[in-house]
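>
In the numbering used here, the protein residues as written are 3 to 84.
As structure tokens, then:
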């Protein structure tokens, strides 16, 4: 399971497994479910998350995820051969 936050898109994505996504469905305004070949949910995307999430503890969790994601990208960039 992996949670990512895209600040530019103001979207959060929860990836539940490694299976290939074969279909997606909008189940509510700004909420999209991704399905694998067996119709299992393998991902959940929420758009306009800053407008939906108002609890300070949840906002903090999203910001921590953003910082961790940026750290991972920096680490990968610095370890790539030049």
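For glycine and all other residues, C-beta sits at the position ideal for the given N, C-alpha and C.
Taking 8 Å as the threshold (C-beta atoms), are residue 15 and residue 47 in contact?
Yes, they are a contact pair.
> Between the beta-carbon of residue 18 and the beta-carbon of residue 44, is there less than 8 Å?
In this structure, residue 44 lies closer than 8 Å to residue 18 by Cβ.
> Report buried or exposed for residue 36, applying the criterion of at least 16 other Cβ atoms within 10 angstroms of its Cβ.
Label assigned to residue 36: buried.
> For the beta strand (DSSP E) holding residue 55, just list the boundary residues, first then last.
It is not in any beta strand (DSSP E) - residue 55 carries neither H nor E in the DSSP assignment.
> Hey, out of 10, 26, 31, whose CA is closest to residue 42's CA?
The residue with the shortest Cα to Cα distance from residue 42 is 26.
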